[in-house]
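Protein chains in written order, with our numbering: chain A, 383 to 762; chain B, 603 to 834.
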């Protein structure tokens with residue numbers, strides 16, 4: 383027997399109530415885990431680098447920048463490598479099968495983010511064979527069942543060819559795997575020259591430049607330098623890290639982070655009230671036994687720890703189950719949904735488990751601690 | 603404390619309660635001496651202050667004024683934490699309704715007071731086995747209170763009270779919920795603990811038969827001892 387065993391036995395003395403509480407906590411942490419994983423995964427921020435900078439128009443990511451900016455950016459002494467890309471968004475076969483193609487200079491892309499995307503010289507060489515070749519990310523390839531050598535047609539939402547047709551035909555030259563499972567590979571890479579030469583409008587423009595600072599250079603200071611270069615031009619720029627860039631991209635649709643905070647906040651506040659209420663009743667039912675323990679010499683502090691340990695156990699078990707279910711969901715959902723359970727999410731969830739476990743147990747524990755033995759014995 | 607001093611000394615003890623705004627005095631200058639190794643039965647009508655006195659002797663209630671010394675400890679001067687620690691090391695208590703924790707088995711209930719002592723798990727198990735053997739419950743270590751008779755539960759209660767080897771045993775109507783046979787068994791056990799192991803026992807009871815097992819019987823009425831009898 384130990385005091386922790388006593389806390390465990392107390393916890394399981396009403397198994398149905400405890401199981402319901404654990405389910406309640408598990409569901410709350412499942413909601414938290416799924417929403418946080420969605421934010422991390424869909425924004426690609428788990429794998430996004432703080433060191434890679436993206437340069438877009440200050441008017442928004444949908445506004446193009448002249449490719450002529452390339453020379454001025456490259457000439458900056460603090461810039462190591464620069465790439466560029468035009469985003470071609472469209473669908474394949476059915477309108478709900480949306481794909482994103484980044485039309486770029488493959489060699490420059492390789493220099494900037496090649497290792498992160500899992501690009502290899504063999505893949506770049508394969509892409510270079512013809513202008514209409516395409517490298518497809520593993521997640522996108524798996525979602526569509528595409529294989530190397532297959533021909534696909536992407537119907538663009540906005541970019542039309544000079545003949546007015548929005549169908550872009552590509553041949554899949556290879557599949558890139560991404561550096562890790564959290565790397566966003568739900569897109570394809572095409573030749574900028576092919577898209578630029580064929581499109582009807584906005585020729586010689588790009589959606590964004592991407593660059594990597596030289597070693598030892600602060601990315602945030604370089605971002606300020608780059609924006610200063612174009613501050614008085616017709617198209618001023620906004621330079622952000624890849625992480626900021628992706629988050630800003632998602633914010634075009636909704637502030638997902640805020641939605642997540644509101645949803646999980648509401649879930650946790652409800653949870654807090656339910657468990658505090660339940661624990662107050664559970665401790666009240668046990669006042670007599672608390673009196674017995676105090677009579678045996680158990681100190682007030684230890685009584686408080688017993689109640690806190692009990693609520694903490696409920697949260698640890700429930701939170702653990704919730705996070706395990708989240709992990710299962712991320713595995714079953716596959717990369718197309720964009721769920722990524724990162725170590726940071728697990729660390730945050732663990733901190734919330736601990737804080738809520740203590741917070742919900744505090745009031746009943748305080749009551750138990752303060753209960754005078756004489757009045758506890760009157761409750762029988 | 604010198605050898606000439608009584609083990610328990612109560613001087614000018616005062617205790618009262620407020621009920622509905624009205625002050626009610628339970629004790630107003632109570633004096634009592636109990637030597638080490640005594641077995642005292644306290645009898646008296648309801649409301650005479652028996653349980654209040656026992657609560658103060660157990661350190662779970664404090665006198666309003668006066669002195670209450672047990673051994674070298676002045677309970678009237680101690681805070682709640684110090685009294686809890688004192689209880690853990692110096693006193694065992696036996697309740698009328700046993701007050702065992704229902705989710706713990708016999709051995710676990712008996713082991714509870716030992717969790718407050720710096721003992722290894724093996725030492726704790728050995729002590730539990732020994733006292734359960736002493737109260738005649740060998741082989742019932744894993745039984746839960748709900749599986750035991752009243753007499754057996756009370757024996758577990760006694761085992762829990764003596765497992766820390768305290769000098770003082772307080773018993774609050776220990777046979778009040780038992781049939782005559784079980785009550786006699788429990789009282790024999792208390793007599794054994796007093797005579798063979800030297801425990802000082804103070805027992806509150808309504809039962810004159812139970813009181814016969816004590817060395818002294820004190821009658822309490824309206825907060826004062828009105829009669830003292832020596833056992834035959």
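The beta carbon of each residue, even a glycine, is placed where N, CA and C say it ideally should be.
Keep in mind that this is a model prediction, so the values were computed, not measured.
Backbone secondary structure at residue i - three-state DSSP
i: residue 464/A; result: strand
i: residue 796/A; result: The requested residue 796/A is not part of the displayed model; chain A covers only 383 to 762.
i: residue 674/B; result: coil
i: residue 743/A; result: helix
i: residue 808/B; result: coil
i: residue 616/B; result: strand
i: residue 636/B; result: strand
i: residue 739/B; result: coil
i: residue 715/B; result: helix
i: residue 629/B; result: strand
i: residue 588/A; result: strand
i: residue 661/B; result: coil
i: residue 673/A; result: helix
i: residue 643/A; result: helix
i: residue 392/A; result: helix
i: residue 535/A; result: strand
i: residue 733/A; result: helix
i: residue 667/B; result: strand
i: residue 694/B; result: strand
i: residue 482/A; result: strand
i: residue 826/B; result: strand
i: residue 803/B; result: strand
i: residue 521/A; result: helix
i: residue 448/A; result: strand
i: residue 794/B; result: helix
Sub-7 Å separation of residue i and residue j beta-carbons
i: residue 721/A; j: residue 410/A; result: no
i: residue 836/B; j: residue 757/B; result: Within the shown structure, residues of chain B are numbered from 603 to 834, placing residue 836/B beyond reach of any answer.
i: residue 514/A; j: residue 552/A; result: yes
i: residue 672/A; j: residue 750/A; result: yes
i: residue 708/A; j: residue 511/A; result: no
i: residue 636/B; j: residue 694/B; result: no
i: residue 656/B; j: residue 823/B; result: no
i: residue 517/A; j: residue 560/A; result: no
i: residue 697/A; j: residue 407/A; result: yes
i: residue 572/A; j: residue 413/A; result: no
i: residue 541/A; j: residue 581/A; result: yes
i: residue 746/A; j: residue 699/A; result: no
i: residue 806/B; j: residue 644/B; result: yes
Residue i, buried or exposed, once every other Cβ within 10 Å from all chains shown has been counted against 16
i: residue 674/B; result: exposed
i: residue 614/B; result: exposed
i: residue 685/B; result: buried
i: residue 785/B; result: buried
i: residue 392/A; result: buried
i: residue 797/B; result: exposed
i: residue 871/B; result: Residue 871/B lies beyond the stretch modelled for chain B, which goes from 603 to 834, so this question has no answer here.
i: residue 726/A; result: exposed
i: residue 466/A; result: buried
i: residue 676/B; result: exposed
i: residue 652/B; result: buried
i: residue 772/B; result: buried
i: residue 791/B; result: buried
i: residue 374/A; result: Only positions 383 to 762 of chain A appear in the structure, and residue 374/A is not among them; the question remains open.
i: residue 585/A; result: exposed
i: residue 456/A; result: exposed
i: residue 663/A; result: exposed
i: residue 757/A; result: exposed
Neighbour flag for residue i against chain C, beta carbons, 7 Å
i: residue 686/B; result: Here the protein chains are A and B, and chain C is not one of them.
Could you tell me whether the stretch 587-598 of chain A touches the stretch 519-535 of chain A, where touching means 3 or more Cβ pairs closer than 8 Å? no
Name, going along the chain, the residues of the stretch 707-725 of chain B whose beta-carbon falls closer than 7 Å to a beta-carbon of chain A. 710, 713, 714, 715, 717 and 718
Select from the stretch 681-710 of chain A all residues with a C-beta closer than 9 Å to any C-beta belonging to chain B, and list them in chain order. 681, 682, 683 and 684
Using 8 Å as the Cβ pair cut-off and three pairs as the minimum, do the stretch 615-623 of chain B and the stretch 688-696 of chain A touch? no
What residues from the stretch 650-665 of chain B come within 7 Å of chain A, judged by C-beta to C-beta, listed N to C? 657, 660, 662 and 663
Please list the residues of the stretch 666-682 of chain B that have a C-beta atom closer than 8 Å to any C-beta atom in chain A, keeping them in chain order. 682
Does the stretch 429-445 of chain A come close enough to the stretch 728-735 of chain A to have 3 or more Cβ pairs within less than 8 Å? no
Does the stretch 653-672 of chain B come into contact with the stretch 718-725 of chain B, if we say contact requires no fewer than three beta-carbon pairs (one atom in each stretch) closer than 8 Å? no
Would you be able to state if there are at least three C-beta pairs under 8 Å between the stretch 743-750 of chain B and the stretch 700-707 of chain B? yes
Residues in the stretch 762-791 of chain B having any Cβ partner in chain A nearer than 8 Å: 762
Does the stretch 601-612 of chain A come close enough to the stretch 469-488 of chain A to have 3 or more Cβ pairs within less than 8 Å? no
Scan the stretch 742-757 of chain A for residues whose Cβ lies nearer than 9 Å to a Cβ of chain B and list them as they occur along the chain. 754, 755 and 756
Taking only beta carbons into account, state which residues of the stretch 651-672 of chain A come closer than 7 Å to chain B, listed in chain order. 671
Residues of the stretch 390-407 of chain A with Cβ closer than 8 Å to any Cβ of chain B, in chain order: 391, 392, 394 and 395
Mind checking the stretch 603-632 of chain B against chain A and listing, in chain order, the residues whose C-beta falls within less than 8 Å of any C-beta there? none
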